[in-house]
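Chemist: So that we are looking at the same thing, I have put the structure below in structure tokens.
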Amino acid sequence: MHAVFIPSHSLATVRVQGAKEQALLNIAINRAHENNLKTIWIDIKRAFDSIDHKYLHAVLDHLNIPDWITNFIKHITSGWTIDVRCGKEPIMVKKVTRGILQGDSLSPLLFVLCMDPLSKILHSVYPTVKGKIGEKQEHAMNHLLFMDDIKLSANDDYMIENCLGNERSLKTIGPEINRDESETTP
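Right, dumping it as structure tokens:
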């Protein structure tokens with residue numbers, strides 16, 4: 001059921017593939033380039049907490065899913081509140097307008113859907129690096145998404161810098177780069 005909503009260029013659309021297969025793909029493509037690819041790991045600061053609900057709703061509107069699902073998700077997310085109490089006495093009630101609830105089984109899928117437009121931009125605008133997987137299958141990529149981490153790969157530093165210029169797209173979604181946790185590899 002999830003594969004219907006997961007982006008077509010994601011490895012998650014292939015049955016029983018995920019992070020392990022992405023890691024193996026990463027190794028295969030690096031070997032094809034004699035381990036000379038330039039890479040940068042970008043950590044998204046407070047990833048789930050930073051997704052803007054207006055953006056989430058816009059993403060849902062552009063998916064080819066039944067209206068009742070879109071309306072249901074919009075309804076539940078627009079009703080999220082934080083209730084702070086001391087004993088039984090309410091101290092504060094705050095409407096949640098940013099963030100996806102952690103611990104909810106739907107939240108990882110919502111986060112992946114929110115990251116998909118950024119992934120599509122990276123995939124369509126910047127050159128890919130290619131590598132053979134097995135005898136016949138070739139795969140091209142310039143980034144991999146690992147939930148709240150993005151790994152950019154390119155043949156040279158110039159392309160990495162250009163990909164990083166897409167930080168504007170990330171800000172549209174809501175999250176920001178955690179520079180302390182991000183790292184570049186030669």
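Residue 164 in full-length UniProt numbering sits at position 164 of the sequence shown, and the numbers go up by one each step.
Glycine included, C-beta positions come from ideal geometry on N, C-alpha and C.
Tell me the residue span of the alpha helix (DSSP H) that contains LYS74.
Modeler: Here the alpha helix (DSSP H) through LYS74 covers 67-78.
Chemist: Alpha carbon to alpha carbon, how far is ALA32 from GLU138? Give it in angstroms, no decimals.
Modeler: Taking the straight line from one Cα to the other gives about 11 Å.
Chemist: The alpha helix (DSSP H) with LEU37 in it runs from where to where?
Modeler: Neither: LEU37 is in no alpha helix (DSSP H) and is coded neither H nor E.
Chemist: Going by DSSP, what residue range makes up the beta strand (DSSP E) through ALA154?
Modeler: It spans 149-154 - the beta strand (DSSP E) in which ALA154 sits, taken as one unbroken run.
Chemist: Tell me the rounded alpha-carbon separation between CYS86 and LYS95.
Modeler: Roughly 18 Å between the two C-alpha positions.
Chemist: Quick check on the burial criterion: 16 or more other C-beta atoms within 10 angstroms. Buried or exposed for LEU144?
Modeler: It is buried - the Cβ of LEU144 has at least 16 other Cβ atoms within 10 Å.
Chemist: According to DSSP, is residue 202 part of a helix, a strand, or is it coil?
Modeler: Beyond the ends of the chain as shown, which are 1 and 186, falls residue 202; an answer cannot be given.
Chemist: How many angstroms separate the CA atom of SER50 from the CA atom of TRP41?
Modeler: If I take the Cα positions, the gap works out to 19 Å.
Chemist: If we ignore side chains and look at the alpha-carbon of each, how far apart do ILE91 and MET115 end up?
Modeler: If I take the Cα positions, the gap works out to 35 Å.
Chemist: Three Cβ pairs or more, each shorter than 8 Å: is that satisfied between the segment 67-76 and the segment 121-133?
Modeler: No, they do not touch.
Chemist: Nearest to VAL93 by CA position, among GLY99, ASN155, GLY103, ILE82, is which residue?
Modeler: The option with the nearest alpha carbon to VAL93 is ILE82.
Chemist: Kindly identify the DSSP beta-bridge partner or partners of LYS20.
Modeler: BP columns for LYS20 are empty, so no partner.
Chemist: Compare the C-beta of VAL93 with all C-beta atoms of chain C and state if any pair is closer than 8 Å.
Modeler: Included in the structure is just one protein chain, with no chain C present.
Chemist: Taking the continuous alpha helix (DSSP H) assigned at VAL96, which residues delimit it?
Modeler: Counting along the chain, VAL96 falls outside any alpha helix (DSSP H), and DSSP gives it neither H nor E.
Chemist: Run the CB neighbour count on LYS136, radius 10 Å, all protein chains shown included, and call it buried at 16 or more, exposed below.
Modeler: So LYS136 ends up on the exposed side.
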